[in-house]
Amino acid sequence: MKIWKSVVGKLWITILILVSFVLLFLTILLLQFFENFHLNEVEKQMTKIATKISEHVTETGPTKNTLLTAAEITDTYSARTVIIDHKRYWQAGDNQNVPKISPNVIKKDLDLKLALSRQEHVVKQGNFAVNLNGKKVHRQMMVVGVPIKYASGEKGAVYVFQSLNTIQKTINQSKKLIYISAGIAIILTTFFAFFLSTRIASPLSAMRKAAIQVAKGHFDLKVPVLTHDDMGELAKTFNQMAQKLKVNLTALNQEKEQLSRIINSMADGVMTFDRQGQLVISNPPARILLHSWRFENKGQAEDIRSLPHTVTSLFQHVVTNENKENGEINFQGRSWVIVMSPLYDQDKVRGAVAVLRDMTEERQLDQLRKGFIANVSHELKTPIAMLQGYSEAIIDNIVQTPEEMRELTQIIHDESLRMGRLVNELLDLAKLEAGHFQLNQTLVNVDSFFSRVVNKFQNVAKESGITLVFRGPSQKDYEFECDPDRIEQVLTNLIDNAIRHTKEGNTVTVEVEAGKKGIYTNVVDTGVGISEEDLPFVFERFYKADKARTRGKSGTGLGLSIAKNIVKAHGGGITVNSKKGEGTTFTFFLPKNASEKV
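The following block contains the structure:
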């Protein structure tokens, strides 16, 4: 940084300019004063000489002795004396600095004639004509004229001439002394100003560097306290300010971290908005809602900053009316209740905070409680009724031929197996939900395991006219720990459902992506999809998309519930996204080690 832009440079230059201006003004005044002082002193001296000679001439007359006396006095002061009356003209003195004065100088100069004609004291400075070695030249001189008062009443005057060169030499010597003094003062002022500026600016520079470090977050840096003046007090205050700022920022960060942890651990969703309606903070439940909304509005919600219309409408009402507003959103079959309140910055609304509660499960629980007994009884009623009807036909000897007997017996056998599967699935589901289910975990190669499971369904897919595609991980040697039988049960259920609900000519894709934490598996179909009202129930017991529960086609309705609990037992999670008429995507995550819970 250039010194001229620093505090030292600015203060130094300011002091230097100020002192230089004062010294310049003082020098001009001193020069004028000394010049006037010397001229006045010379004038007084010449007036005294002229008066003395005038008095002597008045007493003795212009005799030879009088002229010799005047010459001695005049030579002493480097001057020339001219005595003149109406009839006579004398010059006394032989100073080379003042050559002989021509009588015309006095006779033609009215100002000098005053001493003779009016008997007044006159003083004049100017360029006078003199004789120098027989030549007429002009010299700068001062002349003082004093009248002579003869006893006879005659008029005369004594004129004393002195060269201004002599006076100017004295004045020049004085000026030289003043210039030298001013130069020395400027030099001393320069060093003093720089020293003073450095002394003043050094603590400021240290505080500037400390302020920069504090701005970067280094609050432990302290400014050294070198003096006990105002700068020392300022340094102490700065250190105290930095310490308090550190304490306050630490407390603020702790409060912020605590608030962030509280918000992220909340079961309800939280979103905060600024004055412009931009999303500032959101916790995981709120991000789930936004993800579901963007999935449902593909192409219309590509901007990650876009928000559901209901949320933006509530925000506008809150900001405008400055009151709490309530609303409800339904996406992907889930119901969210929103309560939005304004946030204030003193008296102005600076934004809003929205709390979102997922009411889907609460609203579904009552329905599930009511439907569970109906579902179980319905699932058991059909096979029991068939077992009862066909067994009665056998007992009553309605069957006549062996073929009919075998047919009825086969039906009774199939229905008993169906009841057995239902009971076993219910038992498995009960064990999974109760946590009494044991996993037989082992290391499994991802690529070979998933390829084998998918290949089992290739023939089924071809018979249905569906293309089954498998996209394995890029790492062919990737291994993870799981219970292969149970994971195969999950894949079987998902792939079977995808094939059964996809029309001929469409595609079912199984994608596996391996990462550091585990594997993500997507089972994607382009089938009929799941309606919004059914989507929240897909992982519930006895859920069936086929409301008529067609016998032998739709299954027991426990497969997805069991799949969810198997994945959960492995420490993973499973989700579903679907849009009616466009297809369904099931995604489940399995950690590399079952101990790594999500």
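Using my numbering, the letters of the sequence shown map in sequence onto residues 34 to 631. All C-beta atoms, glycine included, are put in the ideal place defined by N, C-alpha and C.
Collapsed DSSP secondary structure at P624 in the structure displayed: strand
Alpha carbon of I417 to alpha carbon of N526, nearest angstrom: A straight-line Cα-Cα distance of about 26 Å links I417 and N526.
Residues sharing a beta bridge with Q195, DSSP: DSSP lists A112, M175 as partners of Q195.
Residue of E290, S298, L254, D263 minimising C-alpha distance to I277: Per the sequence shown, the amino acid found at residue 277 is Lys instead of Ile. Nearest option by C-alpha distance: L254.
Residues near K549 by beta carbon distance below 8 Å, same chain, minus five either side: Same-chain partners within the cutoff: K625.
Distance, A547 Cα to V523 Cα: 18 Å
Sufficient close CB pairs (3 or more, under 8 Å) joining the stretch 552–568 to the stretch 365–373: yes
Residue interval of the beta strand (DSSP E) (run including P375): 367–378
Segment contact, 8 Å Cβ cut-off, at least three pairs: the stretch 510–517 with the stretch 553–567: no
CB contact flag (V541, A596, <8 Å): no
Counted within 10 angstroms of its Cβ, other Cβ atoms place V502 as buried (16 or more) or exposed: exposed
Three-way DSSP call (helix, strand, coil) for S564 in this model: Of the three classes helix, strand and coil, the one that applies to S564 here is coil, per DSSP.
Cut-off 7 Å between Cβ atoms - residues of its own chain near G562, not counting five sequence neighbours on either side: Contacts found: S611, K612, K613, G614, E615, G616, T617.
Contact between the stretch 470–486 and the stretch 440–452 (3+ Cβ pairs under 8 Å): no
Residue range of the alpha helix (DSSP H) that includes T535: T535 -> no alpha helix (DSSP H), and no H or E assigned at all.
Secondary structure of M304, DSSP reduced to three states: strand
Residue span of the beta strand (DSSP E) that contains F513, given as start and end: Unbroken beta strand (DSSP E) run through F513: 512–515.
Which listed residue (V155, L64, E266, S507) has its alpha carbon closest to that of N205: Measuring C-alpha to C-alpha distances from N205 to each of V155, L64, E266, S507 identifies L64 as the nearest.
Any 3 or more C-beta pairs closer than 8 Å across the stretch 56–70 and the stretch 207–224: Counting Cβ pairs under 8 Å, three or more are found: they touch.
Of the residues T222, H350, M419, Y511, the one placed nearest E448, counting alpha carbons only: It is M419 whose Cα lies nearest to the Cα of E448.
Buried or exposed by the 16-neighbour rule on C-beta atoms within 10 Å, applied to N297: exposed
Whole-Å CB distance - E358 paired with V351, under 8 Å assumed: 5 Å
Cβ-Cβ separation, V344 to I314 (assumed contact under 8 Å), whole Å: Incorrect: roughly 14 Å between the Cβ atoms, too far for contact.
Contact between the stretch 264–283 and the stretch 307–324 (3+ Cβ pairs under 8 Å): no
Where the alpha helix (DSSP H) containing E266 begins and where it ends: 263–298
Boundaries (first-last residue) of the beta strand (DSSP E) holding I431: From DSSP, I431 is part of no beta strand (DSSP E); its letter is neither H nor E.
Uninterrupted alpha helix (DSSP H) stretches inside the stretch 312–359 (no shorter than 4 residues): You should have 317–329, 342–354.
Where D391 falls: helix, strand or coil (DSSP): Three-state result, D391: strand.
Straight-line gap, I220 to T283 (C-alpha atoms, nearest Å): 52 Å
DSSP-derived helix/strand/coil call for N492: helix
Buried or exposed (CB count within 10 angstroms, at least 16 for buried), F619: buried
Buried versus exposed, by CB contacts within 10 Å (16 or more), E496: A residue is called buried once 16 or more other Cβ atoms fall within 10 Å of its Cβ, and E496, having fewer, is exposed.
Rounded separation between A319 and N488 - CA only: 39 Å
DSSP-derived helix/strand/coil call for G94: If DSSP states are grouped into helix, strand and coil, G94 belongs with coil.
Proximity to V258 [Cα-Cα], best of H251, D510, S238: S238
Nearest-angstrom Cα separation, counted from D529 out to R519: 15 Å
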